[in-house]
Structure formats: C-alpha cells, structure tokens
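Student:
Residue numbers (our numbering): 986 to 1259.
1) Helix, strand or coil for residue 1221, going by three-state DSSP, please let me know.
2) By DSSP, does residue 1045 sit in helix, in strand, or in coil?
3) For residue 1143, verify whether its CB is less than 6 Å away from any heavy atom of the ligand HEM.
4) Work out the CA separation of residue 1132 and residue 1167 for me, nearest whole Å.
5) So, residue 1162 versus residue 1190, is the Cβ gap smaller than 7 Å?
6) In this structure, does DSSP put residue 1106 in helix, strand or coil?
7) In angstroms with no decimal places, state the Cα-to-Cα distance between residue 967 and residue 1018.
8) Which word fits residue 1147, buried or exposed, when buried means at least 16 other C-beta atoms lie within 10 angstroms of its C-beta?
9) Counting C-beta neighbours from all protein chains within 10 Å, is the total for residue 1224 16 or more, i.e. buried, or is it exposed?
10) Distance check for residue 1050 and residue 1063, CA to CA, integer angstroms please.
11) Going residue by residue through the segment 1173-1208, where are the continuous beta strand (DSSP E) segments of at least 3 residues, counting only ones entirely within it?
12) Can you find the residues in the same chain that come closer than 6 Å, C-beta to C-beta, to residue 1119, ignoring five residues on each side of it along the sequence?
13) What does the Cβ neighbour count give for residue 1125, buried or exposed, with the cut at 16 atoms within 10 Å?
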C-alpha cells in the first residue's frame, strides 16, 4: 500500500480493474461503501485523482484514480469538480479512454454545478479538441440526467459549434453526436451549416440525411449514403486486396467433356476449336 494515503483510501491502489460487482455504470458505484470510504475521505480521494504518478505504469495502481472518481461521483462531491475537469486534458495528452468514457457519467452525478466548470473549459480554444469534446460529452450526460439543465447545456454546445470553421473537425463531430443523443431538433439549422461547410466527420455520425432521420425530420433517404475519408480508404484497400488475390484455376476440361459454355456439344467440337 502507498504510505501517502491512509486506510481505507490506500486500498484503492490494490483493487486493480475490478471490485466485486462495481463497473462503469453509476448505479453500481455505491458498492464502494463496503470499503468504508465516505465523505470524510473526499480530500484524499481528490488527491488520488490528481496524483500524476497513479495515472501511469502497469498493474493495479493506475486503476486507483478510476475507483476514486467513481466514489466521488457516488458521493456527489462537487468540491472535486476542479480536479476532475483538469483530468479531461489527459484525453488529448495520453488518449485516456477511461477518462473519456467514465468522467462524463461522474459529472452527471454531480448535476448542474458541473456545467459551471465544463462550459468555460469546453469553450476555451487553448484546450485540446478531444478534451473539449469530452467536456461537451459530459454536458450531454448532465442534460440527460438532469432535464432542467438541458436548455443551458444546449446553449453552450450550440455556441461552441457556431465557431465550426475555427474548430477542429473532431470537436464539431462530437458536438453533433451529443446533439443527436439529446434529440436536439432545435439545432438542425446549425448542424446543416456544419455539414454544408464540410466540418463534420461522416464516418463518425453519418451524413446529413442520417442526422435528419435520427432527429425525425425525414423518414427515408433521398440520396445514396455519403461516407468519409476513412471509409473510402477501407473500400480502396478492400478493392486492392480483391484485385491482387491469387486466382485458383478450376479442373481442366477434357476434349470429350461437355463444353463449359453450355452449348451441349463436346468441348473439342465447340470452344476448343474457337
């Protein structure tokens, strides 16, 4: 156990990826109560989340921050919000999928106060596009879990998307994805503008007709689906592999066998003479 953390918080460094029935679903996070960790340990839990040394390496230790932020979410410890928002930068720096997939749910557990910090973080162009996208995804989770926050979150998301030509395509695409999850029909004009200016990755959220169908604005397609560069490269690779695949010759047709052309004549009297 790490001497820097007192018991029972120190146990988080030994759990590894799994702890009993607890997983990434917030409804399971109360299971950590069996460890004896509660509101008294919030300062240490925040320290675990912010401890750079615990986010690297192998074995059970790097999962300690995961357990810590889940417990903070279960405790609705809003005092942890600054440390949690800072973690979003690791999505760009380290491609941290755990943070990208779980922190939005943690923020949702903490409700509207999360948006107070997420909104300026997402709007700040000095932050990386994946980190900003993570903040936008988190606001989508807050809006889903707290309907009274939906209007506020949509306003922030649409304001950021209006800078679509200055944003990286990654960020625009994530925002469109969140708007679809929220069934934000009121954002369709802005989404159409983003597609018209080629600011959305078609491989991630589909083309405009896909979006309109998802939002209930059309019932069927009127054009063939459009795909992005990644899909096109995959298709070109598949076509190349098919074209260069070795062909195996079938059994040789004998002179007295029926001609394979289907004429009913013997091969020697038909195509062999040709």
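Each residue gets a CB set at the ideal place from its N, CA and C atoms; glycine is no exception.
Tutor: On the basis of the data shown:
1) Confidence at residue 1221 is low in this model, with a pLDDT of 48, below 50, so the placement of that residue should be treated as unreliable; the coordinate-derived value is given next. Correct three-state label for residue 1221: helix.
2) coil
3) The ligand HEM is not part of this structure, which contains no ligands at all.
4) 10 Å
5) yes
6) helix
7) The structure shown does not extend to residue 967, since the chain is modelled only from 986 through 1259, so no value can be given for it.
8) exposed
9) At residue 1224 the pLDDT is 49, less than 50, meaning the model places this residue with poor confidence and gives no usable figure here.
10) 16 Å
11) none
12) 1073, 1076, 1085
13) buried
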